[in-house]
Structure formats: structure tokens, C-alpha cells
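As given, the protein sequences belong to chains D and Z, one line each in that order. For what it's worth, my numbering labels the leading residue of the first sequence as 17, then goes sequentially. For what it's worth, my numbering labels the leading residue of the second sequence as 267, then goes sequentially. All remarks here apply to the structure that follows.
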Amino acid sequence: MKTFFAFIQKEFRHVLRDKRSLVILFGLPVVMMILFGFALSSEVKNSNVAILDYAQDDASRLLIDRIDQSQYFSVHQKLHSEAEIEQVFRKGQVRLVVIFPQHFQQDLLHSNHVQVRLVGDASDPNTSNIVINYASSIFRDYQNELSNNKKLPYSIETETRMLYNPQLKSSYNFVPGVMTLILMLLGAMMTSVSIVKEKEMGTMEILLVSPMRPLLVVLSKAIPYMVLCFIDVVIILLLAVFLLEMPIRGSLFLLLAESLLFILTTLSLGLLVSSVVDSQQTAMFFSLVGFLMPALVFSGFMFPIENMPLPLRIMSNIVPTKWYYSIVRAIMVKGLGFSYVIKQTLILVGMTVFFLGIAIRKFKIRLA
Amino acid sequence: MRNLFFLLQKEFRQIFRNPTILRMILLMPIIQLIVIPLAADYEIKQISISVVDQDHSPYARKLVQKLTASGYFQLVEYTQSYAQATQTVGDGKTDLILTIPPHFERDLIKLNKGQLYLAADAVNGVRAGLGTAYASQMIGDFNREIREEWMLLPKFNEIPQIEITSANWFNQHFDYHLFMVPGIMAILVTMVGAFLTALNIVAEKEVGTIEQINVTPLKKHEFILGKLIPFWVLGMVSITLGMLIAFVVFRILPVGSYLTVYAFSAVYLLGVLGIGLLISTFADTQQQATLFAFFCMMVFILLGGLYTPIESMPDWAQWLTKANPPAYFIKVIRAVYIKGSTFTDLLPDFFAMVGFAILFNGLAVLNYRKRSA
Chain D
17 MKTFFAFIQK
27 EFRHVLRDKR
37 SLVILFGLPV
47 VMMILFGFAL
57 SSEVKNSNVA
67 ILDYAQDDAS
77 RLLIDRIDQS
87 QYFSVHQKLH
97 SEAEIEQVFR
107 KGQVRLVVIF
117 PQHFQQDLLH
127 SNHVQVRLVG
137 DASDPNTSNI
147 VINYASSIFR
157 DYQNELSNNK
167 KLPYSIETET
177 RMLYNPQLKS
187 SYNFVPGVMT
197 LILMLLGAMM
207 TSVSIVKEKE
217 MGTMEILLVS
227 PMRPLLVVLS
237 KAIPYMVLCF
247 IDVVIILLLA
257 VFLLEMPIRG
267 SLFLLLAESL
277 LFILTTLSLG
287 LLVSSVVDSQ
297 QTAMFFSLVG
307 FLMPALVFSG
317 FMFPIENMPL
327 PLRIMSNIVP
337 TKWYYSIVRA
347 IMVKGLGFSY
357 VIKQTLILVG
367 MTVFFLGIAI
377 RKFKIRLA
Chain Z
267 MRNLFFLLQK
277 EFRQIFRNPT
287 ILRMILLMPI
297 IQLIVIPLAA
307 DYEIKQISIS
317 VVDQDHSPYA
327 RKLVQKLTAS
337 GYFQLVEYTQ
347 SYAQATQTVG
357 DGKTDLILTI
367 PPHFERDLIK
377 LNKGQLYLAA
387 DAVNGVRAGL
397 GTAYASQMIG
407 DFNREIREEW
417 MLLPKFNEIP
427 QIEITSANWF
437 NQHFDYHLFM
447 VPGIMAILVT
457 MVGAFLTALN
467 IVAEKEVGTI
477 EQINVTPLKK
487 HEFILGKLIP
497 FWVLGMVSIT
507 LGMLIAFVVF
517 RILPVGSYLT
527 VYAFSAVYLL
537 GVLGIGLLIS
547 TFADTQQQAT
557 LFAFFCMMVF
567 ILLGGLYTPI
577 ESMPDWAQWL
587 TKANPPAYFI
597 KVIRAVYIKG
607 STFTDLLPDF
617 FAMVGFAILF
627 NGLAVLNYRK
637 RSA
């Protein structure tokens with residue numbers, strides 16, 4: 017046991033000596049939290065709009081002003097013919113072109129009916145859709161003003177409540193996602209690369225002639241990363257609470273315990289990779305394609321799983337990140353107790369035992 | 267020149283001997299390009315809904331029927347208890363609860379005012395927003411029908427109407443694959459280029475073979491070219507492979523010219539290789555290089571406009587994207603693929619990429635000299 021601690025101490029020293037890596041290991045979660053928290057949003061703001069105004073009357077000018085003043089748009093340029101539309105789109109200068117017909121105001125007031133055309137650059141389909149909706153609502157508001165907001169009988173009122181996240185903050189969605197990704201990166205990728213490195217450099221042989229059992233040698237390499245992972249979880253939670261003002265609704269203890277479990281899962285994955293692979297490059301490639309990509313795609317945090325075709329939906333079940341992600345959401349965001357996450361927890365436990373079992377087996381065969 | 271030739275021969279041989287690199291070049295595009303576009307459909311289609319019906323009137327049933335028939339909603343449960351519906355939300359099985367309170371129909375007809383309650387699982391704000399918007403829209407339609415039923419007046423048409431017609435150019439059918447595939451191709455080239463070069467050079471450092479190269483009469487620029495050219499070729503191979511997969515699996519071909527795609531890829535790759543080189547001058551071990559490369563990649567991709575539009579970022583982040591090479595390439599390759607933009611349309615982006623290539627490679631060479639001196 018004493019030798020084991022000595023080994024762990026040595027590994028810690030190895031990890032701590034590499035200051036540059038440490039900066040990144042602790043910097044990455046911070047940078048990701050800041051980017052997701054403050055830079056990325058699927059909301060569409062400040063889209064550039066081009067105007068093709070055949071009318072040039074008071075009504076069209078008023079509407080152009082309103083478009084420009086709304087937070088969603090800024091009028092980027094005026095066009096003079098339809099032929100220019102394709103050109104501005106191809107240069108990627110604007111997202112939307114608004115076309116006012118001739119005699120806009122006159123038709124609006126006298127024949128009570130007039131047509132406005134909106135052309136969106138749907139090379140980004142989501143954005144185009146949203147931009148057209150925003151623009152339409154500006155026109156609808158104007159139309160309502162013209163009709164003096166008449167109140168109608170037999171009205172159904174709908175009161176809407178947003179559960180768990182009344183301000184619709186996106187952090188409620190991505191904080192669990194960032195935790196999942198970071199743990200996968202550190203736990204699986206860094207562990208596997210660091211163990212394979214010893215193999216590649218030939219120093220593994222030296223370690224194995226020590227009086228320690230091979231399994232313990234390997235475990236002692238995994239433990240520092242486990243500690244780092246845990247520190248990262250704490251950093252992320254602190255940032256979430258104090259920087260993004262996102263509460264932890266459920267039990268903090270349960271959340272940390274589940275995180276420890278998931279760290280074990282990722283470590284066992286890292287061990288598994290390092291037991292079958294011989295070069296750092298292969299280990300990295302393996303983790304990148306085998307763990308990080310699935311972690312990103314199948315956790316449900318960037319892409320909705322329910323939209324995926326059936327084979328992918330089935331596949332998502334064997335990706336551990338999906339389960340951890342749903343555990344974190346349940347505890348942290350919804351404030352649910354252990355009884356809600358028993359199934360996910362058991363699945364993670366099962367996966368960990370399974371991966372660890374294979375890893376140990378492989379090690380024995382190889383190192384015999 | 268002869269030196270460079272021999273060096274290239276050696277590098278190529280090393281690459282072809284290494285199954286990992288070959289796998290990375292062949293497998294990465296296949297897996298990434300097939301799986302991600304299939305998964306990356308964030309159009310919100312089916313929203314699960316729980317109905318808490320405490321009224322049991324014909325109108326309540328009609329409303330529920332209208333919602334489920336719309337195709338947007340999937341009825342998960344029909345119950346009388348709000349508590350039970352909240353439990354279903356907690357389990358993550360339903361997105362939306364519609365509560366129809368007692369006397370809904372009676373109040374609507376007698377008091378001219380009916381009340382409904384919607385509650386959405388807002389953990390995913392976008393989904394919640396869209397779900398409630400769809401539901402409100404449908405309730406609005408339902409309201410109009412009822413009004414028409416009770417008000418026998420002909421439709422008064424004194425209200426000025428602005429009819430809005432909209433057109434979606436370049437992608438009328440909202441095909442997400444068309445949007446995602448070119449973007450992922452851009453990421454692919456970036457990853458292959460930056461990761462491989464960085465790791466390759468650092469591996470030589472770690473194993474010590476770089477010392478041997480340093481004592482040969484080889485010139486610095488020959489050494490660097492010897493490293494750049496093979497990976498540049500591999501990068502071009504991987505973009506070609508990507509284009510092939512895009513066509514075979516998704517039937518996506520560039521609307522613009524192939525020449526434009528290749529011209530931009532060629533210059534862009536030089537910049538990306540420069541990033542790889544630069545990383546390798548900073549890192550001493552492959553582990554460090556992996557981490558550095560991963561860190562850069564994460565920031566590049568997140569700020570690259572692949573998932574979220576750049577113009578909705580705050581000013582400081584938009585400013586950062588100006589220094590983000592993948593942001594340009596993602597934009598360019600999408601523009602050429604989807605809109606058929608020409609080389610001259612994208613000239614400013616081309617100059618930016620040339621600038622990046624010069625900048626990163628220049629920095630790498632400078633930094634490299636210092637360290638080995």
C-alpha cells in the first residue's frame with residue numbers, strides 16, 4: 017500500500033510539473049463556460065437586411081425605419097433592382113431582402129390590401145426562418161395599429177408558464193453539456209494518452225518490474241486525472257452559480273457523487289483504450305472518434321436526440337454521456353431527487369464495471 | 267532542392283507506414299460526415315404534450331383534437347391531475363402541459379372569456395419557446411373558429427391587410443443536410459490539418475529524432491516544407507473524400523465551381539498547417555500538443571458560426587471571429603456549395619486566408635528558430 021501511494025505521488029508530480037497542460041486543463045472549462053454563457057446563442061440578432069423599395073412613400077419609409085430600429089435587424093443597404101438580390105446573398109452580406117411594391121401606401125389605405133415580399137437567404141435554414149418571422153411580426157404590429165387593436169368577444173386567454181427556467185436562460189441547457197464534455201476529454205482522452213505514452217517510450221517496462229501489481233501501476237496513473245476532473249467539475253459549478261447565476265436546485269452532494277461515478281466511467285474508458293492501443297497518436301485518434309465526437313453528438317446537448325433517425329437513437333443509448341447529461345439536468349436544473357435518476361445511475365455503474373472488466377482482462381493478457 | 271525531395275520521400279513513407287494517420291484521413295471524414303449531419307437536425311418537430319382536462323366539455327375535446335391533428339404535437343397523456351402531468355415533465359417524457367380548467371366552455375360562451383394554462387419544460391429554452399408558440403398559434407386558430415361560429419356577422423373587411431409572402435432562396439425545402447455537410451467538411455479539413463502536423467512534429471521532438479534532423483545540413487525552410495507538403499496533400503485528399511461522401515450519401519454537389527472550392531481549400535490548408543506548426547513549437551510532448559490542438563479547435567469551432575450565427579454574438583465575440591480562420595472557411599464553403607458564390611464574390615475572405623497562412627507560418631518559423639537555437 018505504501019508503494020502504491022508513492023506511485024500516486026510520483027504521477028501527481030508528473031502531472032503538476034507540466035504547467036502548460038495544467039493551464040489548459042483548467043482554462044478549457046472556463047473558456048467554454050464563458051463562450052457558451054456570453055457569446056453563443058441561437059437567437060438571431062442584428063441581421064443585415066437589404067431593402068428594395070419601389071414605393072418610396074411615407075408608409076414604406078416608416079416601416080424601413082422600424083426594421084432598422086428593431087434589435088433584430090439593421091438595414092445594411094438599399095437595392096435598386098431584383099437582379100441585385102442574388103448578388104448580395106452570394107457575397108453573404110445580408111440575410112433578408114424586404115421588397116415593397118409600388119404604391120404601397122396608396123394601396124394599403126385605399127384598397128385595404130397590399131403585398132410585401134420577404135426573401136430570406138435559406139442557406140442557413142433556421143436563421144432564415146427566424147428572420148422572416150421577426151420581420152413579419154413588425155408588419156403585423158403595424159397592421160394592428162392601423163386597425164386600432166380592436167378588442168373582440170369570445171376571447172381565449174392563454175397564460176404561459178415556463179417551468180424550471182422562467183427566464184429561458186440557455187445556461188440551463190449547456191452547463192450540464194460542458195460538464196459532460198470536459199469530463200470525457202480529461203477522463204478518457206488524457207488518461208489513455210498518458211498511459212500509452214509510457215508504453216511508447218518504453219518506460220512502462222521499467223514500471224512493471226517494480227514490486228507493484230500491473231493493475232495498480234496503471235491505476236496510479238489514472239488517479240491524478242480523477243482529481244483534476246473533480247476540480248474541473250467544481251470550477252464549472254462555481255462558474256455556473258456565481259457567473260451565470262444558475263442555481264443548483266437539487267442536492268449538491270448527490271450531484272457531486274454522480275459526477276464521481278461518471279469520472280470513474282470515463283477513466284475506465286481511458287484505461288480500456290490504453291490497454292488495446294500502442295501509440296499516443298492512435299490513442300488520441302481513438303478517443304477523438306470514439307468518445308469525444310459521440311459525446312458531442314449523442315449527449316442531447318447540441319442536437320435533439322428525438323429528431324435523430326432510429327438507428328442513431330438506439331446508438332445514443334450506449335453512449336455514457338447521454339445518461340450523465342440527463343442525470344445532471346435532473347438534479348441541477350429540475351431539483352429532482354435520487355429516485356428520479358436511479359435508472360441512469362445503474363446504467364452508468366453497469367457500463368463502468370463492464371469497461372473496467374475488459375480493461376483489466378486485456379492488461380493481464382498483455383502484461384503476463 | 268534535392269534535399270527537399272529526399273525529405274519528402276521519407277515523410278511520405280513514414281505517413282504510409284503509420285496506420286493511424288491513414289485511418290484518421292479515411293475514417294474521420296466518413297464517420298463525421300455521415301453521423302453528424304444525420305444527427306444535426308435541430309428543427310423542432312414533435313413536441314410531446316400532456317393535457318390536463320378538468321372541463322370535459324365538447325370544446326375541450328375539440329381543442330385537444332385540433333392540437334394532435336396538427337402534426338406538431340404528440341399526446342403523451344390525457345389526465346385530470348396537474349400533479350401527475352408535472353411528474354411526467356420531471357421524468358422528461360413531456361415538453362408541454364395544457365391545462366383546461368373547469369367551466370372553460372361555459373365561461374367562454376357566457377362570460378366571453380375563457381382561460382387556458384400552458385406550462386413548458388423550459389430546461390431547453392428554444393424548445394419551450396417554440397412549443398408554446400405553436401400551441402398559442404393553434405389556440406388562436408381555435409378561438410377564431412369559435413368566434414365565427416357565434417358571431418354571425420359577415421367578415422368585416424375594413425381592416426387594412428398587409429399580405430406577406432416570403433421566399434427562401436437557395437434552400438427552399440429547409441434541408442439541414444445541405445446546411446451542415448459543407449460546414450462539417452470545413453471542420454474536417456481543419457482537424458486533419460492542425461492535429462496531424464502538430465502531433466507529427468512533436469512526436470519527433472519527443473522521440474528525439476528531431477535532433478538528428480537538426481544536425482543534418484538541411485535548411486530550416488526545407489525542413490518545414492518537408493513537413494508541410496505531405497500534410498497539405500493529405501488535407502486536399504480529405505477534402506476530396508469529403509466532397510465525394512457529400513455526394514454519395516447526401517447527393518450534395520457544389521452549386522459553384524469546384525475550382526473555387528479547391529482554390530480556397532488550398533490556401534486555407536496552408537493556414538491550418540501553420541497553426542499545427544505553431545502548436546508544435548510550443549508543445550514538448552504529444553500530450554501537450556493534443557491538449558493545445560483540442561483547445562484551439564474547441565474555441566475555433568464554437569466561434570466559427572457552425573451552430574450559431576456569428577452576427578448574434580456580442581461585439582467582443584464577433585471581433586474574435588475575425589481572427590478565427592475556420593469562421594471564414596465555413597462561410598466560404600457554405601457559400602460556394604449552397605449559393606454558388608464565385609471567387610470574386612468571396613475575394614475579401616480569400617485575402618484573409620492568405621493573411622492567416624502568412625501569419626501563422628511566419629510565427630511558427632520565428633518561434634521554431636528561437637527554440638532550437
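Idealized CB from N, CA, C, for every residue including glycine. None of these values were measured; they are calculated from a predicted model.
Determine the DSSP secondary structure at Y170(D), reduced to helix, strand or coil. coil
Any chance you could list the alpha helix (DSSP H) runs of at least 4 consecutive residues sitting entirely within the stretch 416-482 of chain Z, in chain order? 442-473 and 475-481
Report the partner residues of F69(D) according to the DSSP bridge assignment. Checking the sequence, you will find Asp at residue 69(D) rather than Phe. F116(D).
Can you check whether the C-beta of N590(Z) is within less than 8 Å of a C-beta belonging to chain D? no
Check N633(Z) in the structure and name its three-state DSSP category. helix
What's the call for Y524(Z), buried or exposed, on a 16-neighbour Cβ count within 10 Å? exposed
P580(Z) touches chain D at which residues, Cβ-Cβ below 7 Å? F54 and A55
Give a yes or no on whether 8 Å exceeds the smallest Cβ distance from D321(Z) to chain D. no
Minimum Cβ-Cβ distance from I518(Z) to chain D less than 8 Å: no
Start-to-end residues for the alpha helix (DSSP H) that takes in S210(D): T207 to M217
Report the start-end ranges of each alpha helix (DSSP H) in the stretch 253-311 of chain D that is 4 residues or longer and not cut off at the edges. The stretch 253-311 of chain D contains, as complete alpha helix (DSSP H) runs of 4+ residues, the segments 268-292 and 296-303 (chain order).
To the nearest angstrom, report how far apart A138(D) and L396(Z) are at their CA atoms. 19 Å
Kindly list the residues whose CB is nearer than 6 Å to the CB of L544(Z), restricted to its own chain and excluding five residues on each side of it in sequence; keep chain order. Answer for L544(Z): F626, L629 and A630, listed in chain order.
Contact criterion: CB-CB distance below 8 Å. Does A601(Z) meet it with respect to chain D? yes
Grouping DSSP H, G and I as helix and E and B as strand, with all else coil, what is D157(D)? helix
Could you name the residues of chain Z that E59(D) contacts, counting a contact when the two beta carbons are closer than 8 Å? S578
Segments of 4+ residues assigned as alpha helix (DSSP H) that fall wholly inside the stretch 41-113 of chain D: 74-85 and 99-106
Is there a Cβ from chain Z that is less than 8 Å from the Cβ of Y341(D)? no
Can you give the Cα-Cα distance for N189(D) and K359(D), rounded to whole angstroms? In this structure, the CA atom of N189(D) is about 21 Å from the CA atom of K359(D).
Have a look at A639(Z) and G537(Z) and give me their C-alpha separation to the nearest angstrom. Confidence at A639(Z) is low in this model, with a pLDDT of 40, below 50, so its placement is unreliable and no value can be given for it.
What distance in whole Å lies between the Cβ atoms of A388(Z) and N181(D), which are believed to be in contact at a cut-off of 8 Å? Yes, N181(D) and A388(Z) are in contact; Cβ-Cβ is about 4 Å, under 8 Å.
According to DSSP, is A559(Z) part of a helix, a strand, or is it coil? In the structure shown, A559(Z) sits in a helix (DSSP, three-state: H, G or I).
Along the alpha helix (DSSP H) that carries K379(Z), what are the first and last residues, could you check? K379(Z) -> not in any alpha helix (DSSP H); beta strand (DSSP E) instead, spanning K379 to D387.
Tell me whether the beta-carbon of Y340(D) lies closer than 8 Å to the beta-carbon of T196(D). yes
Integer Cβ distance of L280(D) from T368(D), believed to fall under 8 Å: 5 Å
Assumed close pair V65(D), H92(D) - CB separation to whole angstroms, cut-off 8 Å: 6 Å
According to the Cβ coordinates, are I657(Z) and I567(Z) closer than 8 Å? Nothing about residue 657(Z) can be reported from this structure: the residues present for chain Z run from 267 to 639 only.
Sequence-distant residues of the same chain with beta carbon closer than 8 Å to I685(Z), five excluded per side: Missing from the structure shown is residue 685(Z); chain Z here goes from 267 to 639 and no further.
CA nearest to the CA of V355(Z), picked from L535(Z), K597(Z), V521(Z) and V318(Z): V318(Z)
Residue burial classification, G366(D) (beta-carbon count within 10 angstroms, cutoff 16): Per the 10 Å Cβ criterion, exposed.
Pick from S153(D), Y158(D), D84(D) and L287(D): whose alpha carbon is nearest that of K213(D)? L287(D)
Indicate the three-state DSSP secondary structure (helix, strand or coil) for I334(D) in the structure shown. coil
For the 8 Å Cβ check, are there 3 or more pairs between the stretch 600-620 of chain Z and the stretch 90-108 of chain D? Taking a cut-off of 8 Å for Cβ pairs, the stretch 600-620 of chain Z and the stretch 90-108 of chain D touch, as three or more such pairs fall below it.
Where does A639(Z) sit, in a helix, a strand or coil, going by DSSP? Any reading at A639(Z) needs caution, since the residue's pLDDT is 40, under 50, leaving its predicted position unreliable; the model's value is listed next. A639(Z): coil per DSSP, three-state reduction.
Along the chain, where does the alpha helix (DSSP H) containing D373(Z) start, and where does it finish? F370 to K376
Using DSSP with H/G/I as helix, E/B as strand and the rest coil, what is I315(Z)? strand
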